Structures are given as structure tokens and as C-alpha cells.
Amino acid sequence: MAMTMTQKILAAKAGLSEVKAGQLILVDLDRVLGNDITSPVAIREFEKIGATKVYDKDKVTMVMDHFAPNKDIKAAAQCKMCRDFCNTHEVTHFYDVGRMGIEHALLPEKGLVVPGDAVIGADSHTCTYGALGAFSTGVGSTDMACGMATGKAWFKVPSAIKFVLKGKLNKYVSGKDVILHIIGKIGVDGALYRSMEFTGEGVAALSIYDRLTISNMAIEAGAKNGIFPVDEQTLAYVAEHSDRKPVVFEADADAEYDEVYEIDLGQIKSTVAFPHLPENTRTVDEAGEVVIDQVVIGSCTNGHYKDLAEAAEILKGRKIADHVRAIIIPATQDIYLKAIETGLVKIFIEAGCVVSTPTCGPCLGGHMGILAAGERAVATTNRNFVGRMGHVESEVYLASPAVAAASAIAGKIADPAKI
Amino acid sequence: MKFQGTVIKYGDNVDTDVIIPARHLNTIDVKELASHCMEDIDKDFHKKIKEGDIMVAGLNFGCGSSREHAPIAIKASGISLVIAKSFARIFYRNSINIGLAILECPEAAEAIENGHEVQADLDAGVITDLTTSKTFTTNPFPPFIQKMITNGGLVASIQKSDFC
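Those protein sequences? They're chains A and B, same order as listed. Residue 11 is where the first sequence starts when you use the numbering used here, and the numbers rise one by one after that. Residue 632 is where the second sequence starts when you use the numbering used here, and the numbers rise one by one after that.
Okay, structure coming up:
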């Protein structure tokens, strides 16, 4: 029976010759991930199970990124709980302040995910690694606990939606605009329970970082995972970052899809998601006059070096509007260092921005840029729900790094092509 | 498993950030989490919920973050069952894993109103609105999941060596 790319990986990891949509299977895991928010609950459940050791100390991974550097005493206690657990169980991949980055930027950079892997993470944006041709999905803390104890997770095999990409992106348009465009089209539950499989000649024209951003927000359409085929760019990226051997899976030519969408990348414009759902999209030229108080450029969605470089290109030699606070957050220490070495940080500071250590911080209203009642932010983050970045009467507008940078200068939502 | 309770109703796309805002994720204390449940869209939720009450919601309930604190907070608030038109997938599996009863039934979620008295039979997939005397049926869970629920969740299943 013909299978999608996702189904091929799941079948292999379940030790089955084939699987079909709706089937319940038990999958062997190549990596089990948690952060400082979700791991403490998982550790409590792990202890309830009565497990004495983790299934593989090289595969369990914890990253202290959400409320780290510790934002308060309770956050400090949660990080300490993770640190103590990882020490006790000799977990190889424990990433603390100074070595950590935002988890979904850090794992690909450290070579911890390669094509063909099956990964669960107690963080909804774990779907990011689909960009590298892996099956990866977000789960809760109990799944993480059981994954740490047994190396397995249960799944219902998903059906899929196929997105056939063609053409290439115009200047100032990036992966963020592609995924916001798609979510605007299919809705926040448009891919509920299903895979989003990206294919077509347009894939080759997307950088790995654009793909990471697109897969990252598959969850914002309700999807189980968002996956790209493995091509030369993927293999080159993985060879640069990992010693592990990639295993390449391809969808069968006659695999069944619930729906097929054709997306012409050349037709996509800079796109903004208005409050309070990622599906409330408008192209930037239809945004109207939206005066803003804050800009955040960073997060697991858009904190890569490429994102910072795109923002810097616009901010270079300019000043942000007097009434705007612009917060730039490189997603990892390596990105941060490279941004210093190549002069991006100088550009940001001279423009009036602040540059932070890696953290999820403001994206989820944790710290490092919380909004007051009535305030508005343009953010390169992934969610604009009620209260997501602070007060319930604040507003978040999701956009690309280029739109965010242009908006910081204009003091209102602005088109990077026109600034 | 059977449930009976008074309904508290919400709309579509209730996300985990409003079920339990991230500013309260610096604790894993279930009582503290419950005390902040739904506060960003329903300030008095915690005060008005009685043990056994049933939550009814629209499409894509529990979308967003994977935080298990969300179903934990709902369960610890005293809610016995959540009926929705559809659930976001991570919330769905988290609920099963931690033993919060859920039922997906678009017809029931549409028809049942705030304050109605509702009875539900999880094994049979039958929901009765006692206020209007209307009955709704939905597919019961597949045996694999029913077994996990009967065992008391995923952790209990592993403890009983009934998982893998």
C-alpha cells in the first residue's frame, strides 16, 4: 500500500512493513526532548512510573530555554530540578544557561536530529525538525516521561495534506510569510491530527532556515507534523552539523492525500497575522495603520542567523521609532556570537534595539519584554493568542523578521519593500 | 465511566495559553495551577466551578502549546469531563495520558447550553442533555485507548506493564 513520507518513517520506527492512516502504533524514539517548563512535570511522572534509569542517556535531551536565565525563584527551582535529574541520570545532552539556545534552533545546530529520525518533544514546536526530513512532533510531559523511561511513544498514524510548492520567494519574503499564508488559507485547525507534507520544485528554492520556520508553525494549523523531502541542501546542512548518518525516506508517488494545495512562492507577499489567531492574516499592504509599542525578533520560529541578518539589512544605518522598544533575541549562543562577529549586534544597538541572551522569554509572556494593557507588538514569534505576550488587553501581530524590522523603524506595521 | 454535571460553555479555539497562562508555568503544583485556570477569559472560573461540572466547547479546544499543565489545571479545578466539537491533537493525547475524560461530539457541543445538566457515558459514547432531554451519540474510543483510560492513564499502564 502506498504511504506518505510521514507514514514511511513511522512504519520503519514501529518495525512494520506498512502502516495506514488511523492505525495505532508504538514507535521507537531517536530523541526525547523537554524544556524547563515541561520537564519538571515529566520528571514527576517518570518517578511515578518507578523507572530507575532513562532508556538512553544520549537520546534524552533537556534545554533550559523558556524561563531561563531564571526569571524568578520558582523558575530557578524548576531548572534546578531538571539539572539534578540530568546529573543523576548522566544525561549527555543537558543544555544550561551559557550553552543553551532556544531548543528547536539548538537541536538542528548541534546535529541532534537527522533525516529519518523519530523525535518527540514536550513542546508543541517540536514539529520544527520535519524541515530536516525527520518525523517529529510535540507531546505532553507524560509522553515525555514515558519516552524517557521506555524509548517509545504511541501514535495514531496520520493522514496528510500535500502542499506542492513552485516558483521562488521575492525579496523581503521568507518562510514566515509562506507559513502565515498557508495558515490563513486553511485555518488554525486546517490540518488537525494530520501531516503537512511539502513537496514540489519550489522546495529547492527554500533555504533550510525557511523550511525550519515553515515546519515550526505546522502546529499552528493543528498539524501533527510538517515535513519536507530530503534534498542536497538538507544533506549538506546535516553533514555540517552531525556525525550521524541520515536515513532518507520518500513519499510513494501514489500515496493518498486528503487534500492537495498548490502554492506559488512567487505570489506570496509579506504577511501579518492579526490578533488573536495565527489564521487572521492580511498581506502587509492591507494592514492599515497599526501603531505599535514593541518589536520582538527571535524565537524558535525566527531566531536564526538568517533572520537576524534580514532584520539587520533593513535596520542598518537607521533608527527605530522613538516610541518603539525593539528586542532582538538570537536563538542560540553560536548565532549570538556570529551576530557579534559579523557586526549585526552593532547595527541593532546603533539602531536603538536591545539584544538579549537566547531565551523563549517574551514569546510566551514569560519575561524579557512583557506587554502592558493596550500595548501592541509586532513579533516574529508563533502565537498571538489573548494574553500570549502579557496583559490580556495587549496585542501581538505575527510577522517575518523583515516586516518586524521595517515596523520598528516606522513605528507601525510597515512593508519592508517600502521603508 | 459515567459522568453527570452542570455545563460551563466556551467557544472555538480555546487555547492552552488561556487555559493556563504561561506566567503561571513556574510551578507544577496542581492546586496553584487550578486556581489560575481560564482566568484570562473567565476571571471567576475557579470560584464558580463545582466538583463534577462539565466543560463544553467548540472547535479545536486546547490548541497551541503542549503544556500538560492545561488538562491538569482543568482536571484539578473539578471539571469531570470536557465535550468539544474537536480537540487540538496534543491536548487530546495529554488528556488521555493524564486521565482527564474528554468526548468529541460536534452535535452535542453545538446544542448543549451553558448551565444545562448533562449526563455522559464514556464507554458507550452517549451524551444526554437532561435539561432538554436530547441524546447525542459519538464514537467511543478505540480499545487501545479505552484500556489506557481504564488503567488510569499512560503512567499507570506502564506500571502495569500493559504498554510495551
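Ideal placement from N, C-alpha and C gives every residue a C-beta, glycine not left out. A quick note: this is a predicted structure, and the numbers were derived from the prediction, not measured.
With contacts defined as CB atoms closer than 8 angstroms, B/Ala719 and B/Gly693 qualify as a contacting pair. Per DSSP, B/Val749 is one residue of the beta strand (DSSP E) stretching across Glu748 to Asp752. Between the region 136–147 of chain A and the region 223–236 of chain A, the count of C-beta pairs closer than 8 angstroms reaches three or more; the two stretches touch. Excluding five sequence positions before and after A/Arg335, the CB atoms of its chain that fall closer than 6 angstroms to its own CB belong to Gln304, given in chain order.
Flagged as an interface residue toward chain A: B/Gly695, by a C-beta distance shorter than 8 angstroms.
Taking 8 angstroms as the cut-off between beta carbons, the residues of the region 194–215 of chain A near chain B are Val198, Asp199, Leu202 and Tyr203, in sequence order. A/Glu119 and A/His251 have their alpha carbons spaced roughly 6 angstroms apart. Interface annotation for the region 38–49 of chain A against chain B: Ile47 and Thr48, criterion Cβ-Cβ distance under 8 angstroms.
Taking 9 angstroms as the upper bound on Cβ-Cβ separation, chain B lies near no residue of the region 319–336 of chain A. In this structure A/Thr98 is exposed. Its beta-carbon is surrounded by fewer than 16 other beta-carbon atoms within 10 angstroms. Rounded to whole angstroms, A/Ile19 and B/Pro774 show a C-alpha spacing of 25 angstroms.
Rounded to the nearest whole angstrom, the CA to CA distance from A/Lys176 to A/Ile273 is 6 angstroms. Shown here, B/Cys694 sits in a strand according to DSSP, grouped into three states.
Put simply, the backbone Cα of B/Asn657 is about 21 angstroms away from that of B/Ile721.
DSSP links A/Tyr267 through a beta bridge to no other residue.
With contacts defined as CB atoms closer than 8 angstroms, A/Ala427 and A/Ala321 fail to qualify as a contacting pair.
Between the alpha carbons of A/Glu403 and A/Asp262 lies a distance of about 48 angstroms. The C-alpha of B/Val649 is placed about 9 angstroms away from the C-alpha of B/Asp673. Chain A has no Cβ within less than 8 angstroms of the Cβ of B/Leu734. Contact annotation: A/Ser146 and A/Gly126 have beta-carbon atoms that are not nearer than 8 angstroms. No Cβ of chain A is located within less than 8 angstroms of the beta carbon of B/Thr769. Burial of B/His700 is indicated by the presence of at least 16 other C-beta atoms within 10 angstroms of its C-beta.
At least one beta carbon of chain A lies nearer than 8 angstroms to the beta carbon of B/Ser717.
Looking from the CA of A/Pro285, the closest CA among A/Lys178, A/Ser134, A/Val198 and A/Ile419 belongs to A/Val198. In this structure, the straight-line span from the alpha carbon of B/Leu734 to that of B/Gly709 is close to 17 angstroms. Legend: CB atoms of the region 737–753 of chain B lying less than 7 angstroms from CB atoms of chain A are not found in any residue.
For B/Lys706, the secondary structure class from DSSP, reduced to helix, strand or coil, is helix. With a beta-carbon spacing of about 22 angstroms, B/Thr637 and B/Asp671 fall beyond the 8 angstroms limit used to define contacts. Note that the C-beta distance between A/Val300 and A/Thr291 is not below 8 angstroms. Burial is judged here by how many other beta carbons sit within 10 angstroms of a residue's own beta carbon; A/Lys69 has at least 16 and is buried.
By the beta-carbon neighbour count (other beta carbons within 10 angstroms, threshold 16), A/Ile192 is buried. In the DSSP annotation of this structure, the continuous segment of the beta strand (DSSP E) that includes B/Ile639 starts and ends at Lys633 to Lys640. At a C-beta separation below 7 angstroms, A/Phe395 has these neighbours in chain B: Asp646, Asp648, Val649 and Gly695. 8 angstroms or more divides the Cβ of A/Pro239 from the Cβ of A/Val124. C-alpha of A/Lys181 to C-alpha of A/Ala420: approximately 19 angstroms in a straight line. The C-beta of A/Ala155 comes closer than 8 angstroms to at least one C-beta of chain B.
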